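Following: one structure in structure tokens, then a few remarks.
Numbering (our numbering), first residue to last: 2 to 131.
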């Protein structure tokens, strides 16, 4: 919300790229890149053996939570992460993961939006708003 950070999804440039995307954070000028999720990396809490695509997301108005879409081969879910203002990686991550929605059918396009004056999260897929 302050415009000083950018979140983005990235993955390896070889192989089956679409299902190996994780979430990253960097300063608005492109410096200080940090990996935030490890859904595709053995040895981390969020790794479950599936290939994942971490995609569309939105910051909470106060900048402390990031709501994001995760898609694997069998399901899609919307997750929320609270890093207590610190974006660290690996075992130093101070936050926790919380699944707030789950969709078994394959909705390939999910758009998230958090409004500062409303206590709701809206997201949309091919079937419309949910």
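Ideal Cβ placement from N, Cα and C applies to all residues, glycine included. Model, not experiment: these values are computed from the prediction.
Collapsed DSSP secondary structure at residue i in the structure displayed
i          : result
residue 78 : strand
residue 34 : coil
residue 28 : strand
residue 5  : coil
residue 40 : coil
residue 85 : The pLDDT assigned to residue 85 is 39, lower than 50, so where the model puts this residue is not dependable; a value taken from the coordinates is nonetheless given after this. In the structure shown, residue 85 sits in coil (DSSP, three-state: anything other than H, G, I, E or B).
residue 67 : strand
Residue burial classification, residue i (beta-carbon count within 10 angstroms, cutoff 16)
i          : result
residue 63 : exposed
residue 85 : For residue 85, the predicted model reports a pLDDT of 39, less than 50, meaning its position is unreliable; a value from the coordinates is still stated below. Exposed is the call here.
residue 70 : buried
residue 32 : exposed
First through last residue of the beta strand (DSSP E) which encompasses residue i
i          : result
residue 58 : 53–60
Nonlocal neighbours in the same chain, by C-beta distance under 6 Å from residue i, ignoring five residues either side
i          : result
residue 9  : 25
residue 11 : 25
residue 45 : 39
Close beta carbons around residue i, own chain, < 7 Å, minus the five adjacent residues each side
i          : result
residue 51 : 73, 74
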